[in-house]
Structures are given as C-alpha cells and as structure tokens.
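For reference, the structure discussed in these notes is given below.
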Amino acid sequence: AELGHGRLEDLRTVEHAGLPRVRVDLVVDEGLVLESGVYGADALTLWPLCLEDGPLRALRAVAREAGFAVCAVVHDERELERALAIEPEVLVARGRDPRTLALEPARSERVLRALPVGAGAPLPAASGGLSDPEALVRA
Numbered sequence: 721a722e723l724g725h726g727r728l729e730d731l732r733t734v735e736h737a738g739l740p741r742v743r744v745d746l747v748v749d750e751g752l753v754l755e756s757g758v759y760g761a762d763a764l765t766l767w768p769l770c771l772e773d774g775p776l777r778a779l780r781a782v783a784r785e786a787g788f789a790v791c792a793v794v795h796d797e798r799e800l801e802r803a804l805a806i807e808p809e810v811l812v813a814r815g816r817d818p819r820t821l822a823l824e825p826a827r828s829e830r831v832l833r834a835l836p837v838g839a840g841a842p843l844p845a846a847s848g849g850l851s852d853p854e855a856l857v858r859a
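Numbers given in the working numbering equal positions in the sequence shown, counted from 1, plus 720.
Pasting the structure below:
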C-alpha cells in the first residue's frame with residue numbers, strides 16, 4: 721500500500737517485524753478502539769480537532785484500559801493543550817493546515833517548541849512539513 725493509503729489488515733501483515741504498530745485511522749468511537757486490537761495495533765491516534773473534550777477523554781480511557789498507547793495529533797497550541805490533558809504517550813505536531821491541507825512547517829515547529837519536556841512528557845513527533853535536519857533542530 722502507498723504511504724498514507726494503508727489498510728487495517730496491514731497491521732497484521734507487518735507483525736513479523738516486531739515493531740510497534742500504530743492505527744492511524746480517525747478513531748471516533750469505542751468500537752474502533754477495540755477493533756484496533758483485533759488487527760494487532762499497539763497504539764492508535766486521537767485527533768483533538770475532531771473530538772470534543774468528553775469523547776476525547778472517554779476514548780483515551782478505553783485505549784488505556786485496552787493497553788494501547790495513544791498518539792495525539794495536533795495542529796496548534798490550543799489542540800496541544802487539550803491533548804496534554806489526556807496524557808498521550810506520543811504527541812504528533814501536524815504541519816498541515818487542517819482546513820486547506822497546505823503544508824506549513826512553522827506550524828509543527830511552533831507546536832513542538834510548546835511541548836513540555838522531561839519525565840512524563842509525551843514523546844514528540846512531527847508529521848508533514850519538517851523535511852530537513854535544520855527544521856528539526858529549530859523545532
């Protein structure tokens with residue numbers, strides 16, 4: 721499958737690699753969280769942009785109870801604040817404008833700079849927009 725065009729079954733296909741498998745679909749209900757385990761996911765993504773605080777917290781609780789790590793995907797500092805409240809294991813700073821899908825590398829850099837560091841802080845990651853080592857150093 722092309723990058724970004726995977727199928728849920730691909731999680732099983734790559735099990736032999738022994739690496740963590742992340743479901744990157746938009747997870748919006750408890751059934752999708754539980755389905756992730758059926759296909760062998762170790763982690764899943766939650767997008768604060770698409771969920772109100774109550775459902776976001778509820779899905780985080782279901783994911784934690786089922787043993788999944790959570791990767792929170794955020795586009796700006798407001799979403800970052802909401803994501804930090806659910807204590808994700810990984811925080812993905814998305815470098816695309818969610819309304820236009822235009823790449824905006826400064827968006828990822830801004831979010832990553834606002835991310836807390838130290839014990840208990842989520843592992844930082846970037847998606848879209850940071851394409852060279854210098855951009856990663858700036859972030």
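Beta carbons are placed, not taken as given, at the ideal position from N, Cα and C, and that holds for glycine. Treat the numbers as computed from the prediction; the structure is a model and nothing was measured.
For residue i, is the classification buried or exposed, using 16 other Cβ atoms within 10 angstroms of its Cβ as the cut-off for buried?
i    : result
V812 : buried
T820 : exposed
T822 : According to the sequence shown, residue 822 is Ala rather than Thr. Exposed, because fewer than 16 other Cβ atoms sit within 10 Å of the Cβ of A822.
A803 : buried
A792 : buried
For the alpha helix (DSSP H) containing residue i, list its first residue and its last residue.
i    : result
P825 : P825 to A834
Kindly indicate which residue of the options has the alpha-carbon position closest to the one of residue i.
i    : options                   : result
V704 : Y759, G751, D749 and V747 : Since the first residue shown for the chain is 721 and the last is 859, residue 704 is missing from the structure and cannot be characterised.
A839 : F788, E809 and P775       : E809
V747 : P740, A786 and C770       : C770
G757 : R777, H736 and R732       : R732
Which residues in the same chain as residue i place their Cβ atom closer than 6 Å to its Cβ, once the five residues preceding and following it in sequence are excluded?
i    : result
V782 : E750 and V753
D762 : P740 and R741
Apart from the five residues just before and just after residue i, which ones in its own chain have a Cβ nearer than 7 Å to its Cβ?
i    : result
V831 : V794, D796, E797, L800 and A813
Note down, in chain order, each residue of its chain lying with its Cβ closer than 8 Å to the Cβ of residue i, except the 5 sequence neighbours on either side.
i    : result
A721 : For A721, the pLDDT reaches just 41, beneath the cut-off of 50, and the residue's location in the model is therefore unreliable, leaving the point undetermined.
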